Amino acid sequence: MVPIELVLALGAILFCIGLYGVLTRRHLVIVLVCIELMLNSVNINLVAFSSIGPFANITGQVFTLFVITLAAAEAAVGLAILIALYRNRESIDAIKQDLLRW
3 MVPIELVLAL GAILFCIGLY GVLTRRHLVI VLVCIELMLN SVNINLVAFS SIGPFANITG
63 QVFTLFVITL AAAEAAVGLA ILIALYRNRE SIDAIKQDLL RW
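This note's numbering puts the first residue of the sequence shown at 3, with every later residue one more than the last.
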């Protein structure tokens, strides 16, 4: 049995790596991958918290399934937006995407 502290530390480290990638990278595909990494770290924490306590239940696993579904929808919509941006601007650099500017 793995101690809960190690699992939570793994989730926190993965979340911090994803947050760093979202805040520092300019390539939009890398930003989407970092968001997926952050969602997966949340899944690790949900499963870890559902296994502790005197009455371990499956609510963490159920929420994890919802987060996985949300992540799949986010990836599909995000990639569709990236394809549309690339067709219009021929670049997926985050700095060059200024569609709302006059």
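Cβ coordinates follow ideal geometry from the N, Cα and C atoms, glycine included. Here the structure is a predicted model, which is why all the values come from computation and not from measurement.
Check                                                                                                                    : Outcome
CB-CB length for C36 against R27, believed under 8 Å                                                                     : 7 Å
Chain-order list of residues whose beta-carbon lies under 7 Å from that of V9 (same chain, five-residue window excluded) : I46, A50
For D95: DSSP bridge partner residues                                                                                    : H29
Proximity winner among I94, K98, D100, relative to L34 (alpha-carbon distances)                                          : I94
Environment of M106 [buried if 16+ CB atoms lie within 10 Å]                                                             : Any property of residue 106 remains undetermined from this structure, which presents the chain solely from 3 to 104.
S43, DSSP secondary structure in three states                                                                            : helix
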